[in-house]
Amino acid sequence: MQCVRSSELKLIGTHLSPKPVIERKCGVKRGSVRYHFSRTSISRYFRYLKENGRYFMKTVTARDLQKNVKEWVGGLRQDQTLVTGQGKPAAVSVAIEGSDSRELMSIASPPATARDLRLDFFRGLALFCIFIDHIPNNILAKFTLQSLMFADAAEVFILISGYTAGMVYGRAIERQGFLIAAVRIYHRVWQLYVAHIFLFMIFMATMAYTAGVLNTSLYAEEFGAANFLNEPGLAVVKALTLQFQPAFMDILPLYIVLLAVLPLVVAGYRSWPSVVLFVSMSVWLAVQIDKRIALPAYPGPDQVWFFNPFAWQALFFLGAWCGWRASRGGVSWLNCRWLFYLAAGFSLAGFLIRFSWTLHEFYDPIPVSASGELLWPFLSKGDLGFLRFANVLALALLVSRVIHPQAWFLASRAARPLVISGRNSLHIFCLGILLSVLGQLVLNEFFGGILMQLAVSAAGIAIMIGVGVFMEWFDAAQRTSGSPVGAPVAGKGARG
Amino acid sequence: MTPAFLRYVFILITAAGIGFVPTPGAAFDQAHECPMPERFYEFEPPLTKTAKALGNGREVVIAALGGSSTLGLAAGATALAWPARLGSVLTDRFPSARIKVVNRAAARQTAKQVVERLDRDILPLKPNLVIWETGTMEAVRGSDVDAFRETVRTGIEEMRAAGVEVVLMNMQFSRETDAMIHFEPYLIALRQVADATETPLFRRRGIMRYWAESGLLDLRVKEDKKRRELAVKLYDCIGRTMADFVTRGTPGGNSPAKPGSDR
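Going line by line, the protein sequences match chains D and U.
Using the numbering used here, the first residue of the first sequence is number 1, and each one after it goes up by one.
Using the numbering used here, the first residue of the second sequence is number 1001, and each one after it goes up by one.
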């Protein structure tokens, strides 16, 4: 690699300021020729350079960059720096001139290095909540998200997954083109599908164990109607087609279907974002008005998908839109003040009402602050009722405004278990389902009071963390032993 | 034709069952045998009209709605099911009242099917009280929770409009099924309807769990014979506890049997 001086190019960085003017064509002087680069052509140009071995990436932490940015910018010419609306540098070029005008670039690119830790952290939190909520008779389930707000961990999980998917695959489309990005998405869909089949096997095993006990038990007549094993062949086929969704096997099929549609949606965002969003919201609204809009499931004629994909797509694709926009500078109107106050007010009201219900459950004489009956129509989980939808959005807006993406506590040791779990979300999710089945077996077998429930929950979470840590270690070990360094593709875990 | 035949079979089974099953009631003369902690009833609204009718010695008709466990299938006969036990306990306690407990349960019916037959099957009986055991079929099938809640509310309102008092009863407790059947949402839905309509909810699931947990009932049996014994014992307990639950606060009614220190 020739180390040469060349007044050249630059790019890319968005996270230094909330609103960099990156979209604008940037003129860059190179010799006497002036090149105009759009974002797409810049990424193509980088790819070209990389393929020809003339490109390496220097990774710099966001903090380093912030520290050094002044000196760097001081030495740069005006036309080599992109300036944001607030006059702060949005991107920095470090360039060296070469005799044959080949260049060597060191790019300080904050988005590539500074992960948004909030995504991992809160997804990890949602995964722990899902595990705890899935153990019946668990006192801890009274203290998870679902008892504090109208929405619960499922909404958080789908919203963050949508956001991450939109960000990662949106970026992939820009860099690698639509086809490659679509293939990556379908690879992910395949992984989810395999995980779904794995969960189905766990379910079948539980059933095989239970069915024998059940038939001789007190409940043979009553639960015999659960014709689970009456037609096992058909059940397997229906599980493969995602139509058989017994307990706990409902969220992955939703995720699979949504992710499978994502390439089209992101492609739509590039051309007509408002049209796509409008259609998505309209479909959600249609489901709220006409409850018959649903996807049929097995068994029985009336059975439908528990998580109605026509309703839940709105949350996922809205998240995907935010994530897609985040990689290109964010959405300015999300920063406006009245929206913040609205979200804060809504979240507070949601908390006060929902938490009063929780307290009422604990001790009946505690009055509820609003009648649940009036709110029922807006609280449907399967159809993502208005209050659930709005509450999770309000909370997400609050969190994104109040907590910095690299806030110290997110990077602290205490938060690491959550961040690690969130980063390996698919594996930890499946593990959580398995553990909640085991946990409820233990609790029902040995009973035990609150202490036992706490112990089972703690043990489950410890195992989830342990597996997460192991996976991180293994990935790190694999990375250091010879995989390509500095690939601009977002690394592991940055998957949707 | 069919019902007559079934009844015949039931009688046979009962006759056979009684042969080797301890006579129901004999082992449970004291209410203390199936205690119900205070938390299961203290905040449930009382059944003033029914309790008053019982106390005044009038004719009292109680109808039971539900599935297999209300029908008493596991015990082998309707005469051993909890409604029948409830009837005999109440008759003992209020000898002057003419108490009639009608079991109108049907196996494997959804709440919707029950509501559909209310006006031809239940309301003509002119019951003072309907005890409605529901939710199992919905949980087993995993049907829509919101629709279920709405159906139960409709049913309660229909019965209320006819001047009937209602008690809701939730599902049985069973260790084996939790991993396969998602009861929680349906239990919550029943609680919500009960709260919204101020209907007392007999938390059978919690009470059964309490009995199993405190070693009063061993719900895990394998052999057929023991299973029937257990069912007889369980239904007797439910019947007695229900009698306590229904007559709370009446002069003639016992206050529910309290265990030593539960809370």
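Every residue gets a Cβ at the ideal spot worked out from N, C-alpha and C, and that includes glycine.
For residue i, which of the options has the nearest alpha-carbon?
| i | options | result |
| --- | --- | --- |
| residue 1084(U) | 1248(U), 1245(U), 1247(U) and 1232(U) | 1232(U) |
| residue 1079(U) | 1167(U), 1061(U) and 1101(U) | 1101(U) |
| residue 1095(U) | 1149(U), 1055(U), 1039(U) and 1076(U) | 1055(U) |
| residue 297(D) | 1142(U), 1074(U) and 1130(U) | 1142(U) |
| residue 310(D) | 280(D), 142(D) and 429(D) | 280(D) |
| residue 1153(U) | 1111(U), 1139(U) and 1185(U) | 1111(U) |
| residue 283(D) | 383(D), 246(D), 305(D) and 190(D) | 383(D) |
| residue 215(D) | 1040(U), 1060(U), 1246(U) and 1074(U) | 1074(U) |
| residue 1081(U) | 1211(U), 1246(U), 1245(U) and 1237(U) | 1237(U) |
| residue 1264(U) | 1128(U), 1114(U) and 1107(U) | Nothing can be reported for residue 1264(U): it is not among the residues displayed for chain U, which extend from 1001 to 1263. |
| residue 1234(U) | 132(D), 449(D), 218(D) and 445(D) | 218(D) |
| residue 197(D) | 154(D), 400(D), 246(D) and 455(D) | 246(D) |
| residue 1180(U) | 454(D), 244(D), 293(D) and 347(D) | 244(D) |
| residue 413(D) | 465(D), 343(D) and 270(D) | 465(D) |
| residue 1156(U) | 1175(U), 1130(U) and 1174(U) | 1130(U) |
| residue 371(D) | 331(D), 428(D), 441(D) and 357(D) | 357(D) |
| residue 394(D) | 326(D), 315(D), 211(D) and 476(D) | 315(D) |
| residue 401(D) | 386(D), 341(D), 325(D) and 301(D) | 341(D) |
| residue 455(D) | 299(D), 411(D) and 132(D) | 132(D) |
| residue 232(D) | 249(D), 211(D) and 221(D) | 211(D) |
| residue 261(D) | 221(D), 317(D) and 270(D) | 317(D) |
| residue 1057(U) | 1093(U), 1039(U) and 1147(U) | 1093(U) |
| residue 1212(U) | 234(D), 444(D) and 376(D) | 444(D) |
| residue 1043(U) | 1195(U), 1175(U), 1109(U) and 1160(U) | 1195(U) |
| residue 295(D) | 303(D), 167(D) and 288(D) | 303(D) |
| residue 1193(U) | 1228(U), 1146(U) and 1121(U) | 1146(U) |
Can residue i and residue j be called in contact, C-beta distance under 8 Å?
| i | j | result |
| --- | --- | --- |
| residue 558(D) | residue 323(D) | The requested residue 558(D) is not part of the displayed model; chain D covers only 1 to 496. |
| residue 319(D) | residue 163(D) | yes |
| residue 1241(U) | residue 1207(U) | yes |
| residue 457(D) | residue 140(D) | yes |
| residue 158(D) | residue 122(D) | no |
| residue 172(D) | residue 165(D) | no |
| residue 203(D) | residue 251(D) | no |
| residue 1140(U) | residue 223(D) | yes |
| residue 1064(U) | residue 1104(U) | yes |
| residue 1072(U) | residue 1169(U) | no |
| residue 1186(U) | residue 1135(U) | yes |
| residue 256(D) | residue 277(D) | no |
| residue 1215(U) | residue 1089(U) | no |
| residue 1116(U) | residue 1069(U) | no |
| residue 1204(U) | residue 1172(U) | yes |
| residue 130(D) | residue 468(D) | no |
| residue 213(D) | residue 1059(U) | no |
| residue 474(D) | residue 127(D) | no |
| residue 136(D) | residue 1245(U) | no |
DSSP state of residue i, grouped into three classes?
| i | result |
| --- | --- |
| residue 392(D) | helix |
| residue 1164(U) | coil |
| residue 443(D) | helix |
| residue 1056(U) | coil |
| residue 1246(U) | helix |
| residue 1208(U) | helix |
| residue 1132(U) | strand |
| residue 298(D) | strand |
| residue 184(D) | helix |
| residue 1171(U) | coil |
| residue 286(D) | helix |
| residue 1103(U) | strand |
(request) Could you name the residues of the stretch 1144-1167 of chain U whose beta carbon sits closer than 9 Å to any beta carbon of chain D, in the order they occur along the chain? (result) Hits within the stretch, in order: 1144, 1145, 1146, 1147, 1149, 1150 and 1153.
(message) With a threshold of 8 Å, are at least 3 pairs of Cβ atoms found where one atom belongs to the stretch 1186-1205 of chain U and the other to the stretch 257-269 of chain D?
(response) As far as the Cβ criterion goes, the stretch 1186-1205 of chain U does not touch the stretch 257-269 of chain D, which means the pair count is below three.
(request) Closer than 9 Å, Cβ to Cβ, to anything on chain D: give me those residues from the stretch 1059-1085 of chain U, in chain order. (result) If the cut-off is 9 Å between Cβ atoms, the stretch 1059-1085 of chain U has 1067, 1068, 1069, 1071, 1073 and 1074 near chain D.
(request) Give, in chain order, every residue of the stretch 1131-1145 of chain U whose Cβ lies closer than 8 Å to some Cβ of chain D. (result) Here the close residues are 1136, 1137, 1140, 1141, 1142, 1143, 1144 and 1145.
(message) Counting only Cβ-Cβ distances shorter than 8 Å, please list the residues of the stretch 200-219 of chain D near chain U, keeping chain order.
(response) Cβ contacts with chain U come from 203, 206, 207, 210, 213, 214, 216, 217, 218 and 219.
(request) Could you name the residues of the stretch 1170-1182 of chain U whose beta carbon sits closer than 7 Å to any beta carbon of chain D, in the order they occur along the chain? (result) Within the stretch 1170-1182 of chain U, the qualifying residues are 1172, 1174, 1175, 1176, 1177, 1178, 1179, 1180, 1181 and 1182.
(request) Pull out every residue of the stretch 362-385 of chain D whose Cβ sits closer than 9 Å to any Cβ of chain U, in chain order. (result) Here the close residues are 363, 364, 365, 368, 371, 372, 373, 376, 377, 379, 380, 381, 382, 383 and 385.
(request) Name, going along the chain, the residues of the stretch 442-469 of chain D whose beta-carbon falls closer than 8 Å to a beta-carbon of chain U. (result) So the list reads 444, 445 and 447, given in the order they occur along the chain.
(request) Would you check if there are 3 or more beta carbon pairs closer than 8 Å linking the stretch 115-131 of chain D to the stretch 414-428 of chain D? (result) Result yes; three or more Cβ-Cβ pairs closer than 8 Å.
(message) Output needed in chain order: residues of the stretch 1222-1234 of chain U with a Cβ under 9 Å from some Cβ in chain D.
(response) Hits within the stretch, in order: 1222, 1223, 1224, 1227, 1230, 1231 and 1234.
(request) Return the residues of the stretch 425-441 of chain D that lie within a Cβ-Cβ distance of less than 7 Å from chain U, sorted by chain order. (result) Hits within the stretch, in order: 437, 440 and 441.
(message) Give me the subset of the stretch 140-170 of chain D whose CB atoms are less than 8 Å from a CB atom of chain U, sorted by chain position.
(response) Result list empty, no residue passes.
(request) Closer than 9 Å, Cβ to Cβ, to anything on chain D: give me those residues from the stretch 1111-1122 of chain U, in chain order. (result) Cβ proximity to chain D below 9 Å picks out nothing from the stretch 1111-1122 of chain U.
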